[in-house]
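S.K.: Handing you a structure now.
Right, here's the structure in full:
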């Protein structure tokens, strides 16, 4: 009896100790996120209803355009599903942009005949949208679906998240749809999938589907390759990857260091924050790379994405755990259209800091002024670029009448010309080097 | 009730809601997810609440229903109509308390959760679950007997 009481007290203690992540702020954020999604779905539904009414009124006029009529025909059904899909905004945007494959395949079983209505896929994820073939017959019954295999891969090497009770979804309000999100190891256009339907009561049935996906949209990869050297460990922000169903920031950590925390935000050109997928600490792994997964912006036409990294935490074997580093870095990723194709180029906030430099330092003629300027410039551009000024002393400069600026960098996409132009402007503002500055871009 | 007032009132009871969700899953993150979802559903449907004084009771009811639904997805639930008290008693003896709570039929589990984790009195539990007080008390006794817990009732 005492053991039971001790166990109860222990459980009560655990229930009492809510961690920091359930702060008032965290709760508010989570609920508001759900509300925003709900509002988006409601708007989509209202727009669909409006369009349906407009379609009815204007039927004769628009029916002459086959494409327009076909588009309108599809929208109410798809948006009805989108409204129920609350896992990620990315799926709704994919559906709105008609990036999905209509399957309509029914697997028959003794428990229920289950229709696979649609599938949406990219390189990382496959979403299945299922419903009972006969909703009325399955009314007031519930069950759940388990993933057995996808193209020979079992649950040990893929993960699956189910949203919505199979059946009428009494509480989930999914209108009978079951959404299965599978994070698969590689994209395959031909999909052979096996599921297990569990009925409440213990009965089970195997459901098999074999189908082909519509053409996949390719990812847009933007290299960043910004490295930080932390006590001998290199942490590299490798790049931003845009997929139809997610946006990923790829980070690598070499040596025996392990990155366990990175506070990053991603925003579009209007300042709208791109939400992280599922929750605020969601990451995936690809070999030694860590991927921070955000909602997709693939179907949005934003001209600039801004990635900000506030701080990061890492630990190394043999060192004190939990080293936190305040980085406060930001990267601007610009969208260029070349031959109708969108490409993204990364820029760095170092430009902004260099352009502000002229107000930050006073020039006076001393023999070590060139060394001081060089040190100041490097404090801003390090580690993404290294700046070397020559000659080393002001006396030597007066003899030579030429100051050489050498900028070197290993960072992909860094505009060295822009940095040297800013340094030129800065030095010209001093009144000490004007008309004598010569810029050489170094290797 | 406007959104601001709703959030202010929900924040004040969030700890209690969390403690009710926790024993269902014995998991902090699951409990947080359930509470967030319940508060979201409450926000969307808050205009359906006729008397604002019953916000807490109403949210606890939503939370318990959500936990039950989630519970069904994760395991096969024992239905109270199929529950045989005599043969079941021995099955609880060698289980940890958490496992034993998991094994209880939902009708008994929710009484234990509300009583010991939510801190409600029998009269309040009866009101939340919309059942007679006598039924609530009987179910609590049954549950405690199965769990081998003798904590003293009201």
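Chains as they are written, first to last, in this note's numbering: chain E, 1 to 443; chain W, 1 to 154. Beta carbons are placed, not taken as given, at the ideal position from N, Cα and C, and that holds for glycine. Owing to the predicted nature of the structure, the values given are computational and were not obtained by experimental measurement.
If the cut is a Cβ gap below 8 Å, which residues of chain E does residue 71 of chain W touch?
M.R.: Going along chain E, no residue has its Cβ under 8 Å from residue 71 of chain W, so there is no contact; the nearest lies around 11 Å.
S.K.: Is it the case that the Cβ atoms of residue 180 of chain E and residue 145 of chain E are separated by a distance below 8 Å?
M.R.: Result yes, Cβ atoms of residue 180 of chain E and residue 145 of chain E sit closer than 8 Å.
S.K.: Is the beta carbon of residue 142 of chain W less than 8 Å from the beta carbon of residue 92 of chain W?
M.R.: no
S.K.: Which residues bound the alpha helix (DSSP H) around residue 183 of chain E?
M.R.: From DSSP, residue 183 of chain E is part of no alpha helix (DSSP H) but of the beta strand (DSSP E) over 178-183.
S.K.: I need the straight-line Cα distance from residue 298 of chain E to residue 244 of chain E, nearest angstrom please.
M.R.: In this structure, the straight-line span from the alpha carbon of residue 298 of chain E to that of residue 244 of chain E is close to 5 Å.
S.K.: Are the beta-carbon atoms of residue 108 of chain E and residue 148 of chain E separated by less than 8 Å?
M.R.: Between residue 108 of chain E and residue 148 of chain E, the gap from beta carbon to beta carbon reaches 8 Å or more.
S.K.: Is the Cβ-Cβ distance between residue 263 of chain E and residue 310 of chain E less than 8 Å?
M.R.: yes
S.K.: Could you round the C-beta distance between residue 177 of chain E and residue 127 of chain E to whole angstroms and report it? I think they count as a contact, below 8 Å.
M.R.: Contact flag wrong, Cβ pair sits at about 11 Å.
S.K.: Looking at the secondary structure, which residues open and close the alpha helix (DSSP H) in which residue 3 of chain W lies?
M.R.: 3-25
S.K.: Around the Cβ of residue 159 of chain E, are there at least 16 other Cβ atoms within 10 angstroms (buried) or fewer (exposed)?
M.R.: exposed
S.K.: Using beta carbons (cut-off 8 Å, strictly below), is residue 140 of chain W in contact with chain E?
M.R.: no
S.K.: Using the beta-carbon of each residue, which ones in chain E are nearer than 7 Å to residue 97 of chain W?
M.R.: 4, 7, 8, 11
S.K.: Identify whether residue 328 of chain E lies in helix, strand or coil by the three-state DSSP scheme.
M.R.: strand
S.K.: Which value, in whole angstroms, describes the spacing of the CA atoms of residue 138 of chain W and residue 130 of chain W?
M.R.: 15 Å
S.K.: Could you tell me the boundaries of the alpha helix (DSSP H) in which residue 378 of chain E lies?
M.R.: 369-381
S.K.: Are the beta-carbon atoms of residue 418 of chain E and residue 351 of chain E separated by less than 8 Å?
M.R.: yes
S.K.: Where does residue 239 of chain E land, buried or exposed, given buried means 16+ other C-beta within 10 angstroms?
M.R.: buried
S.K.: List the residues of chain W that residue 30 of chain E touches, going by C-beta distances under 7 Å, in chain order.
M.R.: 36
S.K.: Does the region 46-57 of chain W come into contact with the region 95-111 of chain W, if we say contact requires no fewer than three beta-carbon pairs (one atom in each stretch) closer than 8 Å?
M.R.: no
S.K.: Inspect the beta-carbon positions of residue 357 of chain E and residue 384 of chain E and report whether they are closer than 8 Å.
M.R.: no
S.K.: Could one say the Cβ of residue 148 of chain W lies closer than 8 Å to chain E's Cβ atoms, at least one of them?
M.R.: yes
S.K.: Could you list which residues in chain E have their beta carbon closer than 8 Å to that of residue 23 of chain W, in chain order?
M.R.: 11, 15
S.K.: I'd like to know if residue 135 of chain E contacts chain W, where contact means its C-beta is closer than 8 Å to some C-beta of that chain.
M.R.: no
S.K.: What are the boundary residues of the beta strand (DSSP E) that includes residue 302 of chain E?
M.R.: Neither: residue 302 of chain E is in no beta strand (DSSP E) and is coded neither H nor E.
S.K.: If you measure from the CB of residue 376 of chain E, is any heavy atom of the ligand PLP nearer than 7 Å?
M.R.: The ligand PLP is not part of the structure shown, which contains no ligands of any sort.
S.K.: Which same chain residues, not among the five before or five after residue 398 of chain E, have their C-beta less than 6 Å away from its C-beta?
M.R.: none
S.K.: Give the secondary structure of residue 121 of chain W by DSSP, where H, G and I count as helix, E and B as strand, and everything else as coil.
M.R.: coil
S.K.: May I ask which residues mark the beginning and end of the beta strand (DSSP E) holding residue 250 of chain E?
M.R.: 246-253
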